[in-house]
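**Student:**
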Ligand SMILES: C[S@@+](CC[C@H](N)C(=O)[O-])C[C@H]1O[C@@H](n2cnc3c(N)ncnc32)[C@H](O)[C@@H]1O
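Numbering (the numbering used here), first residue to last: 27 to 245.
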């Protein structure tokens with residue numbers, strides 16, 4: 027029997043006490059991926075948007091290299107944000123508790139944007155509008171770095187999407203409700219989404235186990 031799916035915020039709040047350790051030890055490639063994401067933030071970046079910032083694991087690596095960067099972080103789960111806030115006293119961090127989907131991030135505000143291990147919960151259609159907003163929020167020459175769980179084949183993507191639909195239907199959870207349920211896309215489909223959003227360069231710079239890092243550049 028499969029476990030029931032949980033509302034997104036409840037899922038992460040319930041696992042807060044073990045969250046950081048789980049990410050850093052159970053997902054073998056993640057420490058290296060966090061370090062890489064930090065190195066990919068341009069050295070002269072002053073403003074950063076972090077989508078699904080959680081407890082701030084990627085920010086630990088980013089602040090180590092860019093201690094003065096100004097960060098706007100968005101996350102659905104208040105308990106994760108409280109943990110993040112406690113980790114970085116004295117840092118210039120603005121936190122927004124809410125969804126990054128269907129949100130206007132403003133225009134030309136950020137030198138860089140990142141997201142780590144959060145986008146694999148959403149469909150192609152939902153991400154399409156999101157990436158357009160991320161693109162718009164970046165300054166000319168800005169960079170979006172996504173590190174996430176991605177799959178290799180369309181068949182795998184379709185199988186997981188079908189399983190998610192089945193789980194939602196079995197619990198009466200509507201498609202649009204924020205529930206924790208993995209629906210990763212292929213790297214190729216992610217790249218297509220980034221190009222459709224307007225990014226002129228889209229490069230996969232890391233791939234190990236289920237994790238990929240893609241760097242997208244704005245003209
Ligand atoms: C696996 S955690 C990743 C957190 C952090 N980036 C890291 O690597 O540790 C996923 C995070 O995405 C957040 N999240 C999921 N869907 C979201 C949404 N629609 N808007 C904002 N945050 C979301 C969750 O609350 C959770 O904190």
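Note that beta-carbon positions come from the ideal geometry of N, C-alpha and C, so glycine has one too.
(1) Return the residue from the list 33, 30, 198, 143 that minimises the CA-CA distance to residue 53.
(2) Tell me the start and end of each unbroken beta strand (DSSP E) in the region 216 to 245 that is at least 3 residues and wholly inside, in chain order.
(3) Shortest alpha-carbon distance to residue 165 belongs to which of 57, 99, 55, 74?
(4) Among 225, 231, 71, 191, which residue has its Cα nearest to the Cα of residue 30?
(5) Rank 94, 46, 173 by C-alpha distance to the C-alpha of residue 63 and give the top, closest one.
(6) Within 10 angstroms of its Cβ, does residue 28 collect 16 or more other Cβ (buried), or is it exposed?
(7) Can you confirm whether the region 140 to 156 touches the region 201 to 217 when touching is taken to mean that 3 or more C-beta pairs between the two stretches lie within less than 8 Å?
(8) Taking 8 Å as the threshold, find out whether the region 213 to 229 comes into contact with the region 38 to 55 through three or more Cβ pairs.
(9) So is residue 107 buried or exposed if we call it buried at 16+ other beta carbons inside 10 Å?
(10) What separation, rounded to the nearest whole angstrom, lies between the Cα atoms of residue 22 and residue 94?
(11) With residue 57 as the anchor, note down where its alpha helix (DSSP H) starts and where it stops.
(12) Could you check if residue 138 is buried or exposed, using at least 16 other CB atoms within 10 Å of its CB as the buried criterion?
(13) Pick helix, strand or coil for residue 125, following the three-state DSSP scheme.
(14) Could you tell me the boundaries of the beta strand (DSSP E) in which residue 171 lies?
(15) With hydrogens ignored, establish whether the beta-carbon of residue 89 is closer than 8 Å to any heavy atom of ligand 1.
(16) Short check: CB of residue 104 to CB of residue 39, under 9 Å?
**Tutor:** On the basis of the supplied data:
(1) As a first step, residue 53 is located in the chain shown; it is residue number 27 there, counting from the start. Residue 143 is the option with its Cα nearest to residue 53.
(2) 227 to 234, 237 to 243
(3) Indexing the chain shown from 1 puts residue 165 at position 139. Of 57, 99, 55, 74, the residue nearest in Cα terms is 74.
(4) Stepping through the chain shown from its first residue, residue 30 is reached at position 4. Of the candidates 225, 231, 71, 191, the one whose C-alpha sits nearest the C-alpha of residue 30 is 191.
(5) Locating residue 63 in the chain shown gives position 37, counting from the first residue. The shortest C-alpha separation from residue 63 is found at 173.
(6) Walking along the chain shown from the start, residue 28 turns up at place 2. Residue 28 comes out exposed.
(7) yes
(8) no
(9) For the purposes of this step, residue 107 is identified with residue 81 of the chain shown, where counting begins at 1. Classification of residue 107: buried, given that the 10 Å Cβ count is 16 or more.
(10) Lying before the first or after the last residue shown, residue 22 is absent from the chain, which here runs from 27 to 245.
(11) Taking the chain shown and counting its residues from 1, one reaches residue 57 at position 31. Per DSSP, residue 57 belongs to the alpha helix (DSSP H) from 56 to 66.
(12) Your numbering for residue 138 matches position 112 in the chain shown. Residue 138 should be labelled buried.
(13) Walking along the chain shown from the start, residue 125 turns up at place 99. It is coil, neither helix nor strand.
(14) Residue 171 sits at position 145 when you count from the first residue of the chain shown. It spans 164 to 175 - the beta strand (DSSP E) in which residue 171 sits, taken as one unbroken run.
(15) Locating residue 89 in the chain shown gives position 63, where the first residue counts as 1. Checking the Cβ of residue 89 against ligand 1 gives no.
(16) As a first step, residue 104 must be located in the chain shown, where it is residue number 78. As a first step, residue 39 must be located in the chain shown, where it is residue number 13. Taking 9 Å as the Cβ cut-off, residue 104 and residue 39 qualify as a contacting pair.
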